[in-house]
Amino acid sequence: MKIIVVGTGYVGLVHAAVCSEYGHEVYAYDIDENKINEFSTGQAEKIEKHVNEPGLNNIIRETLGKYLFFSSDLESIIEGADAIFLCLPTPSNPVDGSTNLGFYDAATADIAEVVKKRKDKRRVVFVNKSTVPIGTARHLKDILDSHEVQNFGVASNPEFLAEGTAVVQARLPDRVVIGCEHEEDFKILRMVYSQFVNHVRIKYIETTLETAEAIKYVANTMLLTYISFWNGVGAKIGEKFPNVKIDDLRIGVTADDRISTWGSFVSNGAGGSCFGKDIASLIHQLRRVNVNTKMLEASYEVNEYQKVYLIERAINEAGYKFNNKNVAVLGLAFKKHTNDMRDASSIKVIESLLGKGVAKINAYDPLAIETAKETFEPSKNILFEKIDYFQTAKEAIKGTDALFIYSDCEEFRGLSRTIEETAKPPYLVMDGRRMIPDFEEMISRGYSYLAVGSMVMKP
Ligand SMILES: NC(=O)c1ccc[n+]([C@@H]2O[C@H](COP(=O)([O-])OP(=O)(O)OC[C@H]3O[C@@H](n4cnc5c(N)ncnc54)[C@H](O)[C@@H]3O)[C@@H](O)[C@H]2O)c1
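Mapped onto our numbering, the consecutive letters of the sequence shown carry residue numbers 64 to 522.
Shown next as structure tokens:
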């Protein structure tokens with residue numbers, strides 16, 4: 064099949080690469096020429112700068128020029144396309160949480176103008192891989208009709224990848240969800256995904272456009288709500304009731320097959336480009352049809368609160384004063400194995416610390432330093448000048464009075480020895496991911512320790 068992937072971000076680039084592995088002729092298109100030029104080199108560091116996903120470079124290196132092509136000129140690649148996958152950004156409107164379809168509408172109108180002029184009039188399916196509100200595929204159909212595009216179908220094929228393991232999941236997803244109106248469009252997508260149709264493990268689900276769109280929102284909202292349940296209830300029980308051990312609580316509860324282990328590890332909140340915006344969008348979509356959204360609002364609020372509440376606990380429970388302190392923040396990306404900082408908890412905590420008058424922040428992340436420098440560009444906020452970036456956790460800890468562990472990078476598990484070698488007590492460790500198993504020994508040597516899910520421990 065000839066496939067065009069529009070938008071080479073996390074979703075588009077991974078989708079394009081994995082489709083090319085299966086021998087489709089894939090053209091990845093983006094308006095960002097710089098990205099396209101860098102991806103076209105096939106060089107790991109130029110790809111990782113934009114999308115850092117384990118295994119992705121290898122696929123691109125192997126298929127580039129054979130099955131995978133990059134272009135910023137849609138007209139030159141459109142002839143003969145069977146499917147056009149739309150992997151465009153669909154951000155939130157900050158005012159009401161609704162989905163901002165501005166990018167999407169502008170891009171699809173431009174694409175429609177190009178597709179309309181193609182010589183080859185074979186059927187082409189426009190496939191929404193972006194997460195879009197229920198009803199958007201039908202809205203897409205109207206856009207294409209209004210531009211007089213001929214012989215096309217629309218489909219909804221939501222993406223469920225999790226960053227950090229995107230390639231593994233794209234090669235072996237839990238499910239492939241396809242919403243269409245016409246059998247001929249289902250047929251085209253069965254050809255695209257032929258490796259997954261009738262797979263022994265993968266659920267290949269064919270349904271209506273709207274159901275496919277709804278599946279994505281319900282899934283993400285469910286995941287965030289489950290995380291928020293553990294952070295809002297489980298973690299709080301561990302923090303407020305003496306002798307409750309949160310890890311034992313988690314293991315005891317999730318021993319029941321009906322209760323998921325995933326999401327039960329308490330934390331400093333879930334970030335990333337999707338959870339927050341998708342739940343906000345679903346709340347907006349439900350309110351418009353007069354559905355009570357209290358439960359979803361609560362799960363959103365718990366998650367946002369969790370991103371910064373260790374600061375409050377340090378002040379109220381450990382009597383800590385942040386004014387003029389040097390503070391290290393380790394873990395800037397929203398989770399391990401990615402350089403993506405969209406909606407990362409680190410952003411909220413760093414902004415809050417700066418507001419509390421810290422003297423300096425030493426920041427470290429194994430992959431996300433360059434993203435952090437853009438995120439905290441001092442022209443956006445003069446206080447960002449107080450942030451220094453380091454190549455190792457040890458260097459970042461040097462000279463600080465307190466430390467936040469803010470992501471689940473494996474290297475942070477061994478941090479107690481590094482801390483003890485680098486920073487002398489009094490020193491406060493705030494652990495948003497419960498990464499230090501031997502914290503009791505640290506406390507016996509004079510360090511204070513404050514973790515999500517446990518009472519404050521002071522020497
Ligand atoms: N990132 C994830 O983990 C994830 C997972 C599942 C679903 N999604 C959804 O997939 C969609 C894309 O997410 P993403 O993380 O890949 O976004 P992204 O911001 O990383 O990438 C979007 C790309 O689209 C390009 N683009 C913008 N306008 C364009 C246009 N007019 N023509 C061509 N290209 C254009 C941008 O240059 C960018 O490269 C969103 O709807 C998101 O909610 C994301």
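For each residue, glycine too, the CB sits at the ideal point set by N, CA and C. Note that the structure is a prediction, hence the values are computed from the model and not measured.
Contact between S134 and I99 holds, since their C-beta atoms are separated by about 7 Å, short of 8 Å. Under a 10 Å Cβ-count criterion, S470 is classified as buried, with 16 or more other Cβ atoms of the shown protein chains found around its own Cβ. DSSP places E88 inside the beta strand (DSSP E), whose first and last residues are 88-92.
Its Cα nearest to that of A218, the residue V190 stands out among V190, H202, T194, I346. Not one heavy atom of ligand 1 is found less than 7 Å from the C-beta of K204. Listed in chain order, the non-local C-beta contacts of H78 below 8 Å within the same chain comprise V68, F148, C150, K192, E222, A233, local neighbours out to five positions each way being set aside. Ligand 1 has no heavy atom closer than 7 Å to the beta-carbon of K112. In the structure shown, A225 adopts coil according to DSSP, grouped into three states.
Straight-line spacing of the CA atoms in N425 and L393 works out to 8 Å.
Annotated three-state conformation of K266 is strand, per DSSP. At least one heavy atom of ligand 1 lies less than 7 Å from the C-beta of K192. About 23 Å separates the Cβ atoms of L395 and A343, ruling out a contact at the 8 Å cut-off.
Counted as a single uninterrupted DSSP element, the alpha helix (DSSP H) harbouring G315 occupies residues 309-317. Short of 6 Å from the beta carbon of D501, and not among the five residues preceding or following it, lie these beta carbons of its own chain, in chain order: S479. Under DSSP, Y452 takes part in a beta bridge, and its partners are A426.
For G216, DSSP records a beta bridge to V188. Taken in chain order, the whole alpha helix (DSSP H) runs of length 4 or more contained in the stretch 98-141 are 107-111, 119-126. In the DSSP assignment, the residues bridged to F467 are V392, M493. DSSP lists T162 as the bridge partner or partners of S155.
Here I499 is buried. Its C-beta has 16 or more other C-beta atoms within 10 Å. Bounds of the beta strand (DSSP E) holding F148 are 146-149. Beta-bridge pairing by DSSP links V69 to Y92, L149.
With contacts defined as CB atoms closer than 8 Å, I123 and A80 qualify as a contacting pair.
DSSP, reduced to helix, strand and coil, places S257 outside both helices and strands of the structure shown, so it counts as coil. When C-alpha distances from A144 are compared across V188, E96, G86, the shortest belongs to V188.
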